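Trainee: Okay, here's the structure, questions in a sec.
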Amino acid sequence: MRDFSHDHRWLSINTATVRKQRGQDWPLPQILDACAQRGIRAISPWRDQVAAAGLDTIARQVQALGLELSGYCRGGMFTYTDAASKQAMRDDNRRALDEACTLNAACLVLVVGALPGALSGSPAHRDLAGARAQVTEGIAALLDDARERGLPLAIEPLHPMYAADRACINTLEQALDVCDALDPNNTGALGVAVDAYHVWWDPKLHQQIARAGRARLLALHVCDWLVPTTDLLNDRGMMGDGVIDLKALRASVEAQGYAGYSEVEIFSAANWWQRDGGEVLDTCIERHRRCV
Ligand code: ZN
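Our numbering puts the first residue of the sequence shown at 112, with every later residue one more than the last.
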């Protein structure tokens, strides 16, 4: 396993980690400058942050600062209720793919969606199996576009608590089943994003990481699981503050040959989003050296 204790060359910052400090949006250009000033070499930005600053502006800044994108957040939300919403979803995913290409991202992260309408509080139906079928179909269609562009798609299984509203792919096993069905020759065009927060509890975690192998392991996201967790979305912990064995997780993915960035992704409304952004980045660096 790589030694992370002396430097942070393999640290990436998911920019949602510092997106709104003390109630105010921290603009992406400032986040990128703050990362570069600290020797952080990679980021993973969200589409809305990029759109707010302008895609071309961010692309130029990323290049000028010598930053890499460990991923781009995000595509997906593949479920739909009618032809119009299906077309809108497809178009939006193609735009996400184009943006990821412009930014030279390592992959487009997919949060696949679940029961249509559930995220806004009114699920259109209760057919989770049907939703999962639409997800597979949606990934298949996007995969054609991704192959044309040479931009890999990373399915991110989400913790089962999000099965109704955000993602009905909830385990690495499920995600890899989709990968094997759509990309049986394991071409590198389709794989998974392993996010500690979503998969740490899974009894098949290490077995499925071994099944994934180097070609399917496209991203590693780290944070911690707090006990107690007080919010289903925005109470992620800083590495070292919770119960996830992050070193065991990293050892497992690196045993398969994963040699990419480890991306810190923390949504923390009550704690880390209430602090100075620079302090949060400094803490990420220190914890990444000690706890990941
Ligand atoms: Zn993630």
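Note that CB positions come from ideal geometry on N, CA and C, so glycine has one too.
As the structure is a computational prediction, the values presented were derived from the model and not from experiment.
So residue 208 and residue 186 are in contact, right, with Cβ under 8 Å, and what is the actual spacing, rounded?
Mentor: About 7 Å separates the two Cβ atoms, so the contact holds.
Trainee: Under three-state DSSP, which class holds residue 184?
Mentor: Here residue 184 sits in strand by DSSP.
Trainee: Going by C-alpha to C-alpha distance, which of 399, 390, 318 sits closest to residue 287?
Mentor: Considering only alpha carbons, the answer is 318.
Trainee: Taking its Cβ as the centre, do 16 or more other Cβ atoms sit within 10 Å of residue 255, making it buried, or is it exposed?
Mentor: Residue 255 should be labelled exposed.
Trainee: So, residue 242 versus residue 226, is the Cβ gap smaller than 7 Å?
Mentor: Result yes, Cβ atoms of residue 242 and residue 226 sit closer than 7 Å.
Trainee: Taking the straight line between their C-alpha atoms, what separation do you get for residue 371 and residue 237?
Mentor: Straight-line Cα distance between these residues: approximately 38 Å.
Trainee: So which of 113, 122, 114, 112 has the shortest CA-CA distance to residue 396?
Mentor: Comparing Cα-Cα distances from residue 396 to each of 113, 122, 114, 112, the minimum goes to 122.
Trainee: Report the CB separation of residue 211 from residue 181 in whole angstroms; it is logged as a contact under 8 Å.
Mentor: Contact flag wrong, Cβ pair sits at about 12 Å.
Trainee: Whether or not the region 372-380 and the region 342-351 are in contact is what I'm after, with contact meaning three or more pairs of Cβ atoms, one per stretch, closer than 8 Å; do they touch?
Mentor: Enough Cβ pairs lie closer than 8 Å, so yes.
Trainee: Mind the definition here: the region 352-369 touches the region 383-395 only if three or more C-beta pairs lie below 8 Å; say whether that holds.
Mentor: In short, these stretches do not touch, since the Cβ pair count stays below three.
Trainee: By how many angstroms is the C-alpha of residue 355 removed from the C-alpha of residue 400?
Mentor: Computed Cα separation, rounded: 16 Å.
Trainee: Taking its Cβ as the centre, do 16 or more other Cβ atoms sit within 10 Å of residue 359, making it buried, or is it exposed?
Mentor: Result: exposed.
Trainee: Could you round the C-beta distance between residue 353 and residue 326 to whole angstroms and report it? I think they count as a contact, below 8 Å.
Mentor: Their Cβ separation, rounded to whole angstroms, is 30 Å, which puts residue 353 and residue 326 out of contact at 8 Å.
Trainee: Residue 310 lies in the alpha helix (DSSP H); which residues open and close that run?
Mentor: Run containing residue 310: 307-310, per the alpha helix (DSSP H) assignment.
Trainee: With hydrogens ignored, establish whether the beta-carbon of residue 335 is closer than 6 Å to any heavy atom of the ligand ZN.
Mentor: Result no, Cβ not under 6 Å from the ligand ZN.
Trainee: Going by the DSSP bridge assignment, what does residue 121 pair with across the sheet?
Mentor: DSSP, once it has assigned bridges, lists no residue as partnering residue 121.
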